[in-house]
Amino acid sequence: MRGPGSTLTHKPLPRMTGDATQIVVTEYDISPGHLPGYLVVANGSDWSLGTPSHHESRAVHDHVVDLQGYVWFSDNVTPKRSIGKLDPRTGRVTDYTHLSEKGVPVDVHDINVDQVGNIWFNNGKDGSVDKFNPKTETFQHFPLPADGSVPRGVGCLMGIDSKGNVWGRVGGRGVQDFDPKLGIKYYKSDPAQPGGAVKLDPKTGEYTYYRARTPAMSHYSIGIDAADNAWFTRPDIDQIGVVDSRTGDVREISLSARDQDTVLHTELDAELASKFEPHRAAATGPPWQKGPRRQVQSYWTALKFAADKNFDAHWFTLSKASKIAKVDIRTRKVTEYPLPYPYSFPYQVTVDKNRMVWVSAMNTDRLFMFNPVTEQWSDYALPTRGTDSRCVDVDNSTSPPTVWLSYWGTSQLARVQFRTAAAYRASR
198 MRGPGSTLTH KPLPRMTGDA TQIVVTEYDI SPGHLPGYLV VANGSDWSLG TPSHHESRAV
258 HDHVVDLQGY VWFSDNVTPK RSIGKLDPRT GRVTDYTHLS EKGVPVDVHD INVDQVGNIW
318 FNNGKDGSVD KFNPKTETFQ HFPLPADGSV PRGVGCLMGI DSKGNVWGRV GGRGVQDFDP
378 KLGIKYYKSD PAQPGGAVKL DPKTGEYTYY RARTPAMSHY SIGIDAADNA WFTRPDIDQI
438 GVVDSRTGDV REISLSARDQ DTVLHTELDA ELASKFEPHR AAATGPPWQK GPRRQVQSYW
498 TALKFAADKN FDAHWFTLSK ASKIAKVDIR TRKVTEYPLP YPYSFPYQVT VDKNRMVWVS
558 AMNTDRLFMF NPVTEQWSDY ALPTRGTDSR CVDVDNSTSP PTVWLSYWGT SQLARVQFRT
618 AAAYRASR
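Heads up: the sequence shown begins at 198 in my numbering, then just goes up one per residue.
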């Protein structure tokens, strides 16, 4: 209950001070693909109305900034539009529809850009990785092998390596089993199709499947580190995998156990959870796991603009533990860093040209920055409530870098610009 007489005793967070106030946030409303020009009234801008309805507001899932400053976004909810382009200078949005092999509009979850400006995305209907050429405004479909050697469902968080190859993750297959003690049917991982990573060579259209060693049905994201190694996350079993860029060998790193006492549960809860590994919802697996989820998808844009090219770490989120993690790409040592607030559910992470680490979190309506040198956090409050931000990207062509967020909960794209000390003095 809110308002006069409320029994709630929560303590609000303190107001932003110092550098946290020196930002300019510009939010762009994105209409649903099937309703051009339609704007949601309850979009989280009026805090007194609370969090808006996802069913009216969802449209923008992920985004990426290209080298010309355009922001490309994916739409996995509304009909007709597959991807869209925002021109930040004018606010104009252009929609593009990609048709599947059966002639129906493709829904798109993830989106990325390569070194020559092509837009890559997962084809949610055909289970493949496809391309959009912004110069010709044409789509190109890359069908999976007809022999089934590469499982359907490639993509969902893609990475681009230094050679222009496109990487995606692919989930494992489940086989049904029966537990007579619990009296339930459930699915368990099939060793014949364990999941792993898939590489697409755009020049030949050839897919290469790198099979994981340990079977698991849940695979979420993929990221390419500065040495071209391909990392994939496996939320349900608290594991990350990596494909060695030189040898093609696949290795796996099991994360240390989370302190389970922080999440109340019984032995029966744990036993039941072990049977429901395939249920890949927003919080995959039981809540007492760490839940490695999204990661830095590619480093090539940061490297392009960086003065220091020594990017020897790779970063990913531990959503359910409210942490981010750094893995040394040479020693494979994993170091974890908790966010300032519990239950933040960090979702996406990226790194800018100065090696600062940027994090979007679903539960906070805040943007987070982690300084890996000082190991200190900064956070910036966003002007909208219910953002449900799942993606963060950086425009490294500006100084300081400009951060972009997609608000899946309110169908908006947000640009966060940082005022320098000189700019602040000039405004006084």
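Positions of the beta carbon are idealized from the N, C-alpha and C atoms, including for glycine.
(request) Could you check what DSSP says for residue 470 in three-state terms: helix, strand or coil? (result) helix
(request) Identify whether residue 475 lies in helix, strand or coil by the three-state DSSP scheme. (result) At residue 475, the pLDDT of 47 sits below 50, so the modelled position is not reliable; the number obtained from the coordinates is stated separately. Looking at residue 475 - three-state DSSP - the assignment turns out to be coil, as it is neither helix nor strand.
(message) Can you tell me where the beta strand (DSSP E) holding residue 254 begins and where it ends?
(response) Per DSSP, residue 254 belongs to no beta strand (DSSP E); it is in the alpha helix (DSSP H), 251-254.
(request) Please report the Cβ distance between residue 543 and residue 516, rounded to the nearest whole angstrom; I am assuming they are in contact, meaning their Cβ atoms lie under 8 Å. (result) Contact flag correct, Cβ pair sits at about 6 Å.
(request) Thinking residue 226 and residue 609 are a contact (beta carbons under 8 Å), I'd like their distance in whole angstroms, please. (result) 6 Å
(message) Tell me the residue span of the beta strand (DSSP E) that contains residue 427.
(response) Residues 427-431.
(request) Return helix, strand or coil for residue 498, following the three-state DSSP convention. (result) Looking at residue 498 - three-state DSSP - the assignment turns out to be helix.
(request) Express the C-alpha separation of residue 522 and residue 530 in angstroms, rounding to a whole number. (result) 10 Å
(message) Could you check whether the region 284-296 touches the region 223-239, counting it as contact only if at least three pairs of C-beta atoms, one from each stretch, sit closer than 8 Å?
(response) yes
(message) Distance check for residue 431 and residue 568, CA to CA, integer angstroms please.
(response) 26 Å
(request) Please report the Cβ distance between residue 339 and residue 326, rounded to the nearest whole angstrom; I am assuming they are in contact, meaning their Cβ atoms lie under 8 Å. (result) 6 Å
(message) One question on the structure: do residue 547 and residue 589 come within less than 8 Å of each other, judged by their Cβ atoms?
(response) Against a cut-off of 8 Å, the Cβ pair of residue 589 and residue 547 comes out as a contact.
(request) Name the residue from 359, 395, 413 whose alpha carbon lies nearest to the alpha carbon of residue 372. (result) 413
(message) Assuming contact is defined by CB atoms lying nearer than 8 Å, are residue 294 and residue 229 in contact in what I supplied?
(response) no
(request) With DSSP collapsed to three states, give me the class of residue 212. (result) In the displayed model, residue 212 falls within coil according to three-state DSSP, outside both helix and strand.
(message) Whole angstroms are fine: how far does the CA of residue 618 sit from the CA of residue 361?
(response) 38 Å
(message) Output needed for residue 366: all residues of its chain with C-beta closer than 8 Å, excluding positions within five of it in sequence on either side, in chain order.
(response) 351, 352, 353, 354, 392, 393, 394, 395, 416, 417, 418, 419, 429, 430
(request) Check whether the Cβ atoms of residue 671 and residue 613 lie closer than 8 Å to each other. (result) Shown here, the chain extends from 198 to 625; a query on residue 671 therefore has no answer.
(request) Locate the beta strand (DSSP E) running through residue 559, then write down its first and last residues. (result) First-last for residue 559: undefined, no H or E at that position.
(message) Helix, strand or coil for residue 599? Go by DSSP, reduced to three states.
(response) strand
(request) Could you check what DSSP says for residue 605 in three-state terms: helix, strand or coil? (result) coil
(message) Can you tell me whether residue 296 is helix, strand or coil according to DSSP?
(response) strand
(request) Would you give the residue range spanned by the beta strand (DSSP E) that residue 438 belongs to? (result) 436-440
(request) Could you pull out every unbroken beta strand (DSSP E) segment of at least 3 residues lying fully inside the region 395-431, listed in chain order? (result) Those beta strand (DSSP E) runs which fall completely within the region 395-431 and span 3+ residues are 403-408, 419-421, 427-431.
(message) Looking at residue 421: is its Cβ nearer than 8 Å to the Cβ of residue 368?
(response) no
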